[in-house]
Amino acid sequence: MTFYADPSFFALLALAVAGAAFLGLREKPLARYGMAASVVFLACLFCKDLPGLIAAAGFVVVAVLSMRWVLAAPRSNLRFAVAFALTLLPLVSAKAGAVFDQNLLGFMGVSYLTFKALQVMFEVRDGVIKECGLFDYLYFLLFFPVFTSGPIDRSRRFAEDARAVRSRDEYAGLLARGILLVLVGLVYTFVVAAWLHRFYVPATWGSGPFLTELAAQVQTAYVYGLYLFFDFAGYSLMAMGASYCFGIRTPRNFRAPFASLDIKDFWNRWNITLSFWLRDFVFMRFSRLALKKRWFASRLTTACWGFVFDMALMGAWHGLTADYLLYGLFHGLLLAGTEVFQKKSKFYKKHKNNPAFKALSWFVTLQLVMFGFALFSGQITMLVKGAFHG
Amino acid sequence: MAETDHAELEEKMLDILEEVCGDDEVRARRDEDLFALGLLDSMGAIELLVDIEDVFGVCIAPTEVERDEMNTVNLIIHQVEIRL
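Protein chains in written order, with the UniProt record's numbering: chain A, 1 to 390; chain B, 1 to 84.
Rendered as C-alpha cells:
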C-alpha cells in the first residue's frame, strides 16, 4: 500500500479517522488508539516488503537503545558519537547505495525516522530532553500520517499533543480542521498538480529564435515548479490533516512560498519542517562550533559557510546526483550572497522598506527559485548536455 | 542588591544585543519581536547564544527555548536571568 496514493489507503484512513472521532468526541485519550492504528498502517505499508520491514524494525530497536544509552550519560562524547553514527548509518547507506543501485539498510521512511531520532538524540545530549518514555518515543517515530514523507514534527511538542485529553469542543475543532486539510490536500495533489503535470513536457533547446526557445524553457521550469509545489504541499496538507484527526497538531510545511521577498524568506516558507530541522541541527550547530573555535575571520564568513554547508547537505540528502548536489549548492551560495548583501550593502539598508525595491526583490527571488527547480528537475543539466552534444 | 544585579545584567545584555543586531534600536524597542523587525535571524540567534555563554557562563541550547519565548529584548534578558 502506498500512503496518500492508493484508494485502499484512503478507505483505511476514513475507517481509522472514524474510530478516532468516536473516541475523541467522547473525550477519551487517543494515543493508544493512534499507536494501534499506526501499527496496522505500517503492516500494510510493509506487507510486500519483508527486507524493508526488517530494516525498519532494526532501525527502531537501535534508535531506542542508543537513545537510552545516551540518556544515561548525556555528557559522554563517546556515547553520543557512537549513537549518532549508528542512527545515521541506515540513511547514509541508503543514499550512498542508491548511487550504485544497491539498497543496503534503507527502507520506506528511513529519512524521516532518522530526522526524528536525531532530533531526540541532539536534545538529549543538550540536556533539553531529560526523560523519554518508551511509548512516547515509539509513538513519535511510528505515527503513521507522517511516517513516509513528513512533515517533520518535534518530539516534545508531539508528546504534549499525544498526552493531551481534549474537551469535546476542542477535539471537534481539530477533527473538522483535519478533515478540511485532507480535502484541500486532495484537491492540491489530485486535481491541481495532476492537471499541471499534463503541461510538463521538458524538451531540448530547439532551432527556433533564441527568445522563443528561452520562453519555452522558462515555461517548462514554471510548470514544474508549480507542479512540485501543489504535489508536495498537497501531500503535506493531507498528512497534517490526518494527524489533526488523531489530536496531533503536526506543523505546516508550506506558507505561500512564491510570495517570498528573498531567498532567506523562501526557506522560511518552503518545506518548512525540513528547512527548520536543518537550521536547528545543522546550521546553528555548525555556526556555534565555528564561532567558538574561531574557524573563520568574521561572523559574516561563518554564516556564509554555514549556509553553504547546510544547503549542500540538503541537496545531498535528496540524492547523490549532479542535479540535487547542484540544487543544494545553488541555494547555499544564494543564501550566502543574500546574507552578505543584506549585512554589507548601504543600498539595501536604505531601500529595504521601499515598495518598489520589495517588488523587484520578489520578482528576482521568484526567478531564482524557478531556476533552482530547473536544476532540481534535471532540466538544466539536460540543456547543458544538449549544448555539448549538439 | 538584587536591583543592581538586574540593572547590570540588563546593561550587559543590551550591549550584546546592540552588537549582534548591529542597531541601537534594540534599546528602545524592548517588547517587539526582533525576528519580525529583521534585527535578528538564525545566525544572529547563534551569535547571541555564544555571547551569552561567554559573558555569563549560561549555556542555552539552540532548541532549548521556543522562539516565541525568546524573541524580544525583555524576553531574552528574562531567559538569561532565570538561568543565573
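Virtual Cβ for every residue (Gly too), placed ideally from N, Cα, C. The structure displayed is predicted, hence computed values, not measured ones.
Pairwise C-alpha distance: residue j and residue i
{"i": "M1 (chain B)", "j": "E8 (chain B)", "result": "Reliability fails at M1 (chain B), whose pLDDT of 48 lies under 50, so the model's placement of it is uncertain and the value that follows must be treated cautiously. About 11 Å."}
{"i": "D161 (chain A)", "j": "A31 (chain A)", "result": "9 Å"}
{"i": "Y33 (chain A)", "j": "N74 (chain B)", "result": "43 Å"}
{"i": "L228 (chain A)", "j": "H331 (chain A)", "result": "17 Å"}
{"i": "L50 (chain A)", "j": "L13 (chain A)", "result": "23 Å"}
{"i": "F341 (chain A)", "j": "K350 (chain A)", "result": "12 Å"}
{"i": "W267 (chain A)", "j": "W317 (chain A)", "result": "16 Å"}
{"i": "Q379 (chain A)", "j": "A221 (chain A)", "result": "8 Å"}
{"i": "K293 (chain A)", "j": "L23 (chain A)", "result": "53 Å"}
{"i": "A85 (chain A)", "j": "F246 (chain A)", "result": "33 Å"}
{"i": "T365 (chain A)", "j": "D262 (chain A)", "result": "5 Å"}
{"i": "E27 (chain A)", "j": "Y244 (chain A)", "result": "15 Å"}
{"i": "E47 (chain B)", "j": "P62 (chain B)", "result": "11 Å"}
{"i": "Q79 (chain B)", "j": "H6 (chain B)", "result": "13 Å"}
{"i": "S345 (chain A)", "j": "T338 (chain A)", "result": "10 Å"}
{"i": "residue 391 (chain A)", "j": "G22 (chain B)", "result": "Because chain A is modelled from 1 through 390, residue 391 (chain A) falls outside the range shown and cannot be assessed."}
{"i": "Q119 (chain A)", "j": "A98 (chain A)", "result": "25 Å"}
{"i": "T381 (chain A)", "j": "L375 (chain A)", "result": "7 Å"}
{"i": "W362 (chain A)", "j": "L368 (chain A)", "result": "10 Å"}
{"i": "F286 (chain A)", "j": "W195 (chain A)", "result": "42 Å"}
{"i": "A81 (chain A)", "j": "L89 (chain A)", "result": "12 Å"}
{"i": "N271 (chain A)", "j": "P202 (chain A)", "result": "24 Å"}
{"i": "residue 391 (chain A)", "j": "I60 (chain B)", "result": "This structure gives no information on residue 391 (chain A), because the portion of chain A shown stretches from 1 to 390."}
{"i": "A63 (chain A)", "j": "S76 (chain A)", "result": "17 Å"}
Beta-carbon spacing of residue i, residue j below 7 Å
{"i": "T87 (chain A)", "j": "A117 (chain A)", "result": "yes"}
{"i": "A242 (chain A)", "j": "P355 (chain A)", "result": "no"}
{"i": "V218 (chain A)", "j": "F199 (chain A)", "result": "no"}
{"i": "T301 (chain A)", "j": "L291 (chain A)", "result": "no"}
{"i": "G306 (chain A)", "j": "F281 (chain A)", "result": "no"}
{"i": "A259 (chain A)", "j": "C304 (chain A)", "result": "no"}
{"i": "F3 (chain A)", "j": "T148 (chain A)", "result": "yes"}
{"i": "M240 (chain A)", "j": "L181 (chain A)", "result": "yes"}
{"i": "V92 (chain A)", "j": "R79 (chain A)", "result": "no"}
{"i": "G44 (chain B)", "j": "V20 (chain B)", "result": "yes"}
{"i": "W205 (chain A)", "j": "L333 (chain A)", "result": "no"}
{"i": "R288 (chain A)", "j": "V50 (chain B)", "result": "yes"}
{"i": "A94 (chain A)", "j": "V110 (chain A)", "result": "yes"}
{"i": "S38 (chain A)", "j": "F143 (chain A)", "result": "yes"}
{"i": "F230 (chain A)", "j": "Y171 (chain A)", "result": "no"}
{"i": "F115 (chain A)", "j": "I152 (chain A)", "result": "yes"}
{"i": "F347 (chain A)", "j": "G225 (chain A)", "result": "no"}
{"i": "F107 (chain A)", "j": "G185 (chain A)", "result": "no"}
Other residues of its chain near residue i: CB distance less than 7 Å, five sequence neighbours each side excluded
{"i": "F158 (chain A)", "result": "F140, I248"}
{"i": "S66 (chain A)", "result": "A83, L86, T87"}
{"i": "A164 (chain A)", "result": "G247"}
Residue-level contact to chain C via CB, residue i, 7 Å cutoff
{"i": "V58 (chain B)", "result": "You won't find chain C in this structure, because its protein chains are A and B."}
Residues of its chain near residue i, where Cβ-Cβ distance is below 8 Å and the 5 sequence neighbours each way are ignored
{"i": "D41 (chain B)", "result": "F35"}
{"i": "I77 (chain B)", "result": "L9, E10, M13"}
{"i": "V55 (chain B)", "result": "K12, I16"}
{"i": "L313 (chain A)", "result": "L278, V282, G328"}
Any non-hydrogen atom of the ligand GTP closer than 6 Å to residue i Cβ
{"i": "L84 (chain B)", "result": "This structure does not include the ligand GTP; it has no bound ligands of any sort."}
Proximal residues to residue i (C-beta, below 6 Å), its chain only, five neighbours per side dropped
{"i": "residue 89 (chain B)", "result": "This structure cannot settle anything about residue 89 (chain B), because the visible part of chain B is limited to 1 through 84."}
Below 8 Å, can you find three or more Cβ-Cβ pairs linking the stretch 233–240 of chain A to the stretch 248–262 of chain A? yes
Three or more C-beta pairs under 8 Å: does that hold for the stretch 8–27 of chain A against the stretch 172–188 of chain A? yes
Is it a yes or a no for the stretch 38–49 of chain A touching the stretch 264–276 of chain A, going by three-plus beta-carbon pairs under 8 Å? no
Go through the stretch 249–291 of chain A residue by residue and report every complete run of the beta strand (DSSP E) that reaches 3 residues or more, in order. none
The stretch 22–34 of chain B touching the stretch 54–73 of chain B, judged by at least three CB pairs closer than 8 Å: yes
Please go through the stretch 29–115 of chain A and give each complete alpha helix (DSSP H) segment of 4 or more residues, from N-terminal end onward. 31–45, 50–72, 77–99
Per the contact definition of three or more C-beta pairs closer than 8 Å, is the stretch 124–136 of chain A in contact with the stretch 89–108 of chain A? no
Please give the ranges of any alpha helix (DSSP H) in the stretch 115–181 of chain A, keeping only runs that are unbroken, at least 4 residues long and fully inside the region. 134–142, 155–163
Any alpha helix (DSSP H) of 4 or more consecutive residues that is wholly inside the UniProt domain "Carrier" (7–84) of chain B: 42–56, 73–81
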